[in-house]
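J.: My structure is below; once you've seen it, I'll send some questions.
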Amino acid sequence: MTKINNQESNAPLIFSTLLETFPDARCELEFHTPFELLIATILSAQCTDERVNIVTASLFAETNTPEGIIALGQIELENQIRSLGLFHNKAKNIFAACQVLIKDFAGQVPEDVDLLRKLPGVGRKTANVVVSNAFGIPALAVDTHVFRVAHRLGLAHCKTPEKVEEELMLIFPRERWTLVHHLLIFHGRRICHARKPNCKECPLVGICTEVQTCN
DNA sequence: ATCCCGAGGG
DNA sequence: CCCTCTGGAT
């Protein structure tokens with residue numbers, strides 16, 4: 001029996017529609033180096049990119065190297081990132097990650113997802129964001145937005161981000177992975193919100209498998 | 001109240 | 001699998 005909400009065949013239409021709607025879809029974290037993006041991405045958990053950018057602007061003006069962060073000290077780092085939430089864990093992880101970078105990677109951010117994941121505080125999603133946006137290596141990071149939107153559009157059906165990542169990578173060609181990630185995020189943030197999706201302004205309302213009619 | 005580009009630990 | 005960490009925006 002055919003799965004009724006299997007929309008893999010609609011993937012090209014979904015891609016082109018979202019690209020037309022969000023031609024500026026991109027990484028919204030501000031960075032100049034892979035290390036800056038790594039730190040910004042770790043900081044981005046549970047808060048908006050906009051506020052991460054405010055904090056990193058002043059932090060990176062002070063230092064943007066692993067050695068510099070170590071010199072800053074964990075307590076001072078905590079104080080600088082406090083307003084971003086989860087500040088203790090983030091500071092602890094960033095501090096430890098800088099030590100690993102210096103000790104095992106000659107102070108350079110590795111261009112490999114598996115190596116990146118050896119860094120404290122770097123999971124699958126963060127590693128994918130760094131390799132794709134800092135090094136141009138195709139990757140499809142599945143965060144809360146990508147997960148939600150992919151399910152609503154019928155592009156994914158699995159229960160874990162890892163499995164959804166696999167599903168999406170099979171549906172879209174490798175050279176599109178990074179852009180697909182950004183398009184789904186923009187759609188999730190601007191229109192397909194977690195709580196009250198704005199279906200009335202959704203360009204995909206005609207093919208969505210989960211249209212919300214109560215808003 | 002609920003959500004924000006999560007990850008680690010139990 | 002679940003829980004915890006966290007301030008700010010809405």
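Going by UniProt numbering, the first residue of the first sequence is number 1, and it counts up by one from there. Don't be surprised by glycine CBs; every beta carbon is placed ideally from N, CA and C.
Considering only the beta carbon of each residue, do Ala71 and Phe186 sit closer than 8 angstroms?
T.: Here residue 71 refers to the residue found at position 71 of the first sequence. Here residue 186 refers to the residue found at position 186 of the first sequence. Not a contact, by the Cβ cut-off of 8 angstroms.
J.: For Lys176, does the count of other Cβ atoms within 10 angstroms reach 16, so buried, or fall short, so exposed?
T.: Indexing the first sequence from 1 puts residue 176 at position 176. In the sequence as displayed, the identity of residue 176 is Arg instead of Lys. Under this definition Arg176 is a buried residue.
J.: The alpha helix (DSSP H) that contains Asn93, what's its start and end?
T.: As a first step, residue 93 must be located in the first sequence, where it is residue number 93. Phe87 to Phe105 is the span of the alpha helix (DSSP H), which, as asked, contains Asn93.
J.: Just reading off the alpha helix (DSSP H) that Gly154 is part of, what are its end residues?
T.: Here the question's residue 154 lines up with position 154 in the first sequence. Where Gly154 is concerned, there is no enclosing alpha helix (DSSP H), given that its DSSP letter is neither H nor E.
J.: Look up Gly121 in the DSSP assignment and say whether it is helix, strand or coil.
T.: Along the first sequence, one-based indexing puts residue 121 at 121. Coil, per DSSP.
J.: Just to confirm my understanding: we take Lys3, look at its own chain, exclude 5 residues before and 5 after, and list those with CB closer than 6 angstroms. What are they?
T.: Within the first sequence, numbered from 1, the residue matching residue 3 stands at position 3. The predicted model places Lys3 with a pLDDT of 48, which falls under 50 and marks its position as unreliable; any figure quoted below should be read in that light. Here the set comprises nothing.
J.: Could you please give the first and the last residue of the uninterrupted alpha helix (DSSP H) stretch that includes Thr17?
T.: Within the first sequence, the letter at position 17 stands for residue 17. Its alpha helix (DSSP H) spans residues Ala11 to Thr21.
J.: Can you tell me which of Val142, Pro173, Phe172 and Ala96 puts its alpha carbon nearest to the alpha carbon of His159?
T.: Within the first sequence, numbered from 1, the residue matching residue 159 stands at position 159. Checking the sequence shown, residue 159 turns out to be Lys, not His. If we check each option's Cα against that of Lys159, Val142 comes out closest.
J.: Judging by CA-CA distance, which residue of Thr209, Thr21, Asn64 and Leu140 is the nearest neighbour of Gln108?
T.: Numbered from 1 along the first sequence, position 108 holds the residue referred to as residue 108. Ranking Thr209, Thr21, Asn64 and Leu140 by Cα distance to Gln108 puts Asn64 first.
J.: Taking the alpha helix (DSSP H) that residue 218 falls in, what are its first and last residues?
T.: For residue 218 there is no data in the structure shown, the boundaries of the chain being 1 and 215.
J.: Hey, out of Phe22, Gly68, Ala156 and Leu19, whose CA is closest to Ile39's CA?
T.: If you number the first sequence from 1, residue 39 lands on position 39. Looking at the Cα atoms, Gly68 is the closest of the given residues.
J.: Compute the Euclidean distance between the alpha carbons of Val180 and Asn89, then round it to the nearest angstrom.
T.: In the first sequence, residue 180 corresponds to position 180, counting from 1. In the first sequence, residue 89 corresponds to position 89, counting from 1. When rounded, the distance between both Cα atoms is 30 angstroms.
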